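Q:
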Amino acid sequence: MHPSIVTVTSTQNHQDLCITPPTSDIALQGRIRIPGDKSISHRALMLGAIAAGETTIEGLLLGEDPRSTAACFRAMGAEISELNTDRVTVRGLGETGLQEPANVLDAGNSGTTMRLMLGLLASQPDKFFTVTGDGSLRSRPMSRVINPLRAMGATIWGRDGDKLAPLAVRGQALSAARYDSPIASAQVKSCILLAGLHTDGQTTVTEPAKSRDHSERMLSAFGAQIDLDPETNGVTITGGATLRGQHVIVPGDISSAAFWLVAAAIVPGSDLTIENVGINPTRTGVLDALTLMNADITLENKREVAGEPVADLRVCYSQLSACELSGEIIPRAIDEIPILAVAALFAKGTTKIRDAAELRVKESDRLAVMAAQLQAMGATVTEYPDGMDIVGGATLTGVETDSHDDHRIAMSLAIAALRATGTTTIHRAESASISYPNFIETLKQTLGDT
Ligand code: S3P
Numbered sequence: 000m001h002p003s004i005v006t007v008t009s010t011q012n013h014q015d016l017c018i019t020p021p022t023s024d025i026a027l028q029g030r031i032r033i034p035g036d037k038s039i040s041h042r043a044l045m046l047g048a049i050a051a052g053e054t055t056i057e058g059l060l061l062g063e064d065p066r067s068t069a070a071c072f073r074a075m076g077a078e079i080s081e082l083n084t085d086r087v088t089v090r091g092l093g094e095t096g097l098q099e100p101a102n103v104l105d106a107g108n109s110g111t112t113m114r115l116m117l118g119l120l121a122s123q124p125d126k127f128f129t130v131t132g133d134g135s136l137r138s139r140p141m142s143r144v145i146n147p148l149r150a151m152g153a154t155i156w157g158r159d160g161d162k163l164a165p166l167a168v169r170g171q172a173l174s175a176a177r178y179d180s181p182i183a184s185a186q187v188k189s190c191i192l193l194a195g196l197h198t199d200g201q202t203t204v205t206e207p208a209k210s211r212d213h214s215e216r217m218l219s220a221f222g223a224q225i226d227l228d229p230e231t232n233g234v235t236i237t238g239g240a241t242l243r244g245q246h247v248i249v250p251g252d253i254s255s256a257a258f259w260l261v262a263a264a265i266v267p268g269s270d271l272t273i274e275n276v277g278i279n280p281t282r283t284g285v286l287d288a289l290t291l292m293n294a295d296i297t298l299e300n301k302r303e304v305a306g307e308p309v310a311d312l313r314v315c316y317s318q319l320s321a322c323e324l325s326g327e328i329i330p331r332a333i334d335e336i337p338i339l340a341v342a343a344l345f346a347k348g349t350t351k352i353r354d355a356a357e358l359r360v361k362e363s364d365r366l367a368v369m370a371a372q373l374q375a376m377g378a379t380v381t382e383y384p385d386g387m388d389i390v391g392g393a394t395l396t397g398v399e400t401d402s403h404d405d406h407r408i409a410m411s412l413a414i415a416a417l418r419a420t421g422t423t424t425i426h427r428a429e430s431a432s433i434s435y436p437n438f439i440e441t442l443k444q445t446l447g448d449t
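In terms of numbering that gives the first Met the number 0, the sequence shown opens at residue 0 and continues consecutively.
#1: For Ala175, which of Asp161, Val168 and Ala194 has the nearest alpha-carbon?
#2: Could you check if Ala185 belongs to the surroundings of the ligand S3P, using beta carbon to heavy atom distance under 7 Å?
#3: Sort His13, Asn12, Gln11 and Thr22 by Cα distance to Pro2 and report the nearest one.
#4: Should Glu357 be listed as close to the ligand S3P, given that the test is whether its C-beta is under 7 Å from any heavy atom?
#5: Can you tell me where the alpha helix (DSSP H) with Ser325 in it begins and where it stops?
#6: Does the stretch 49 to 62 come close enough to the stretch 10 to 24 to have 3 or more Cβ pairs within less than 8 Å?
#7: Along the chain, which unbroken stretches of the alpha helix (DSSP H) at least 4 residues long are found entirely within the stretch 18 to 51?
#8: Using only alpha-carbon positions, find the residue among Arg418, Gln201 and Val285 that is nearest to Leu344.
#9: Answer yes or no: do Thr237 and Gln224 have a C-beta to C-beta separation smaller than 8 Å?
#10: Return helix, strand or coil for His213, following the three-state DSSP convention.
#11: Taking contact to mean 3 or more Cβ pairs, one atom from each stretch, closer than 8 Å, check whether the stretch 252 to 265 and the stretch 314 to 321 are in contact.
#12: Comparing C-alpha positions only, which one of Leu27, Ser254, Gly326 and Ile18 sits nearest to Gly447?
#13: Is the Cβ-Cβ distance between Gln186 and Thr111 less than 8 Å?
#14: Looking at Leu218: is its Cβ nearer than 8 Å to the Cβ of Leu46?
#15: Given the structure, does Arg210 come close to the ligand S3P, in the sense that its CB is under 7 Å from one of the ligand's heavy atoms?
#16: Relative to the ligand S3P, is the shortest distance from any of its heavy atoms to the C-beta of Ile333 smaller than 7 Å?
#17: For the stretch 93 to 100 against the stretch 126 to 136, are there 3 or more C-beta pairs whose distance is under 8 Å?
#18: Could you tell me if the beta carbon of Ser38 falls within a distance shorter than 7 Å of some heavy atom in the ligand S3P?
#19: Quick one: give me the first and last residue of the alpha helix (DSSP H) that Ala356 is part of.
#20: Is there contact here, the stretch 359 to 377 with the stretch 307 to 314, by at least three beta-carbon pairs under 8 Å?
#21: Among Gly157, Arg32, Arg353 and Pro34, which one has its Cα closest to the Cα of Arg169?
#22: Does the ligand S3P have a heavy atom nearer than 7 Å to the CB of His41?
#23: Taking the alpha-carbon positions, what's the Ala256 to Thr422 distance?
#24: Pro34 and Tyr383 - do their beta-carbons sit closer together than 8 Å?
#25: Name the two residues that bound the continuous alpha helix (DSSP H) containing Lys301.
#26: What does a CB cutoff of less than 6 Å around Asp36 pick up in its chain, not counting 5 residues either side in sequence?
#27: Measuring from the CB of Thr112, is there a heavy atom of the ligand S3P at a distance below 7 Å?
#28: Quick one, which of Thr350, Gln372 and Ala375 has its alpha-carbon nearest Gly386's?
#29: Going residue by residue through the stretch 223 to 304, where are the continuous beta strand (DSSP E) segments of at least 3 residues, counting only ones entirely within it?
#30: Cα separation between Arg302 and Val398?
#31: Out of Ala183, Ile56, Ala121 and Gly134, which has the shortest C-alpha to C-alpha gap to Thr154?
#32: So, under 8 Å CB-CB, His213 and Ser411 are touching, yes? Tell me the CB distance rounded to an integer number of Å.
#33: With respect to the beta strand (DSSP E) encompassing His426, which residues constitute its N-terminal and C-terminal limits?
#34: Buried or exposed, going by whether 16 or more other CB atoms sit within 10 Å of the CB of Arg30?
#35: Please report the distance separating the alpha-carbon of Leu163 from that of Ser189.
#36: Among Asp228, Leu196, Asp199 and Ile191, which residue has its Cα nearest to the Cα of Ala208?
Structure follows, in structure tokens:
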């Protein structure tokens, strides 16, 4: 028995996560389950709220972000049962049945809540809404959805020349439109599709590379007509459909699985199976990237659950090699770049990440924050406007690090700490609960650290 590897100290508002790996014997072993997919959880709550009849959701993520979505839609009259993973029921209000809330809608830290919801709010005739979020969300660009919504006739005001939340929305009947998005963003695409749902015609969104397609799949399952054009990465929704409540089964979140994939890939002796992981091809960039890096990953028990492909992922330690990540893989791995940067630290050669400028406008500037935190641990990382170079073969030293209130940074640093000497402290580690409420328990479980 060695002393605890993982300890947590809590101050009044924050949590420090301290990780001290022993010099030997720290492999990750066993079978684990991960929380429900965040993107699918948001969409199930939202579509449930605007559909006719009852939606039941199995496997909902109980993180802070879906809680923000549930709170916003409850404030607009949707009856959503107490949130739990077994079964949540949503009594829908019908497409234009959202009620004008008596107070400001708070999307918390969640870009998906704010951006998708704006498409619905802008198209609710004669109702007035105000929307805000935490400090991070209030600094994230909203013009990427406000401009195309305005082109459909929406009335929206915001801070800093209508670019930033808090925002005010006067709902009204919108016109169908075509929008050629300059960025591959599922939040932008989904916002416009949801606005298009309430128009008289066909609304099309195209994008430079294909982003996650959970909205298209779920809208279609709820009864909307969706047509795809693979050549333009285009999605067309025909307005005026009546959505009907459905039974949604949420698979495990591959973005959460990514932390364990990398942990087991970089810690010698590891052999870990992650059960029930969503492997929708618009999300599997992390598997492709790790495979390029020579990781030992096997997909077992592949199946389809409620319209989404699912598998168990077995990952064993192997010596990784460097790779180049750019182009179409980036939107398919957009949330996993921070943890892939950690994998790159233990690969042979220099890994180059490019075309990833979007990371600068996530919950934190993930390029700047990851570069600075990993450099503090002794890594050689060069930051570029749209990416970074990471020199492999690093020897990391445990130091004080900071999540910058970004859940994926907190968890990425925790995994890097498993291969550092001494104690790594991650300040503001409570941010992990945005997408992964029991991350620390699972970390201890995989390490046999009781
Ligand atoms: C999400 C889309 C992505 C992703 C985010 C969730 C979604 O954002 O980073 O965590 O559920 O649609 P962008 O659309 O801004 O790339």
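Just so you know, even glycine gets a beta-carbon here, dropped at the ideal spot from N, CA and C. Since this is a predicted model, take the numbers as computed values, not measurements.
A: In terms of the structure at hand:
#1: Ala194
#2: yes
#3: Thr22
#4: yes
#5: Unbroken run through Ser325: none, as it is neither H nor E.
#6: no
#7: 37 to 49
#8: Arg418
#9: yes
#10: helix
#11: yes
#12: Leu27
#13: yes
#14: yes
#15: Here the sequence assigns Ser to residue 210, which means Arg is not the residue at that position. For the ligand S3P, at least one heavy atom lies less than 7 Å from the Cβ of Ser210.
#16: yes
#17: yes
#18: yes
#19: Taken as a continuous stretch (DSSP letters only), Ala356 belongs to no alpha helix (DSSP H), as it is neither H nor E.
#20: no
#21: Gly157
#22: yes
#23: 24 Å
#24: no
#25: Counting along the chain, Lys301 falls outside any alpha helix (DSSP H), though it belongs to the beta strand (DSSP E) covering Asp295 to Val304.
#26: Val249, Pro250, Asp252 and Gly277
#27: no
#28: Thr350
#29: 224 to 228, 233 to 237, 246 to 248, 270 to 277 and 295 to 304
#30: 43 Å
#31: Ala121
#32: That belief does not hold up - the Cβ atoms of His213 and Ser411 are roughly 23 Å apart, past 8 Å.
#33: Thr423 to His426
#34: exposed
#35: 19 Å
#36: Asp228
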